[in-house]
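Under my numbering, the first residue of the sequence shown carries the number 9, and numbering increases by one thereafter. Beta carbons: idealized from backbone N, C-alpha and C, even for Gly. None of the values given here were measured: they were computed from a predicted structure. Structure first, commentary second.
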Amino acid sequence: MANHKAFLKDAKAYILESLSKLPKNKLIDHSNLLIATDGLQGRELSKAIHVMAGYQGLFEGLLLKNEASVSINGNWVNSSSVTYMVGNDSAPLDDLSFVHKLIVSNSNQVVFEKCWLDRK
Numbered sequence: 009m010a011n012h013k014a015f016l017k018d019a020k021a022y023i024l025e026s027l028s029k030l031p032k033n034k035l036i037d038h039s040n041l042l043i044a045t046d047g048l049q050g051r052e053l054s055k056a057i058h059v060m061a062g063y064q065g066l067f068e069g070l071l072l073k074n075e076a077s078v079s080i081n082g083n084w085v086n087s088s089s090v091t092y093m094v095g096n097d098s099a100p101l102d103d104l105s106f107v108h109k110l111i112v113s114n115s116n117q118v119v120f121e122k123c124w125l126d127r128k
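Structure (structure tokens):
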């Protein structure tokens, strides 16, 4: 458990430091936040994976609160629609029988899409 907490602590520190270095009130390309995972192992690989998950969570939160700026193919997304669907898997592999899907779109373009399994 100590190693588990250590890489989470490292990931949090990395995210906070990297975000503090970003220019204020300026849009950035998300690819500037990516961490190359080639050759990483153990604690460093776990840190990199959790950093990316942390950025994803931040983006999701900002997007759903209408505080994210998004462009697709160089065109700004000025408005979007959200569709949420939930269904029951008739043949689940375990007790995660509910399927949730969230889609944020603009016209015919998907801005963000997420699908997950849950118990309810």
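Counting the other Cβ atoms within 10 Å of the Cβ of GLY62 gives 16 or more, which makes it buried. The C-alpha of LEU110 is placed about 12 Å away from the C-alpha of LEU71. Going by DSSP, HIS108 is part of the beta strand (DSSP E) stretching over 106–114. Annotation for LYS55: the continuous alpha helix (DSSP H) segment containing it runs 50–72. For the options ALA21, ASN83, SER87, SER54, the alpha carbon positioned closest to that of GLU75 is the one of SER87. Inclusion of LEU48 and SER26 in the CB contact set at 8 Å is not warranted, their separation being larger than that value.
As computed with DSSP, SER79 is found in a beta bridge with TRP84. Comparing alpha carbon positions, the residue from SER89, VAL59, GLU52, ASN114 closest to HIS38 is VAL59. Setting aside the 5 residues that flank it on each side, ILE80 is surrounded in the same chain by GLN117, each with a C-beta closer than 6 Å to its C-beta; the list follows chain order. Between VAL107 and VAL90 a beta carbon distance of about 17 Å is seen, past the 8 Å cut, so the two are scored as non-contacting. Put simply, of LEU35, SER115, LYS128, VAL94 the residue whose alpha carbon is nearest the alpha carbon of LYS122 is VAL94.
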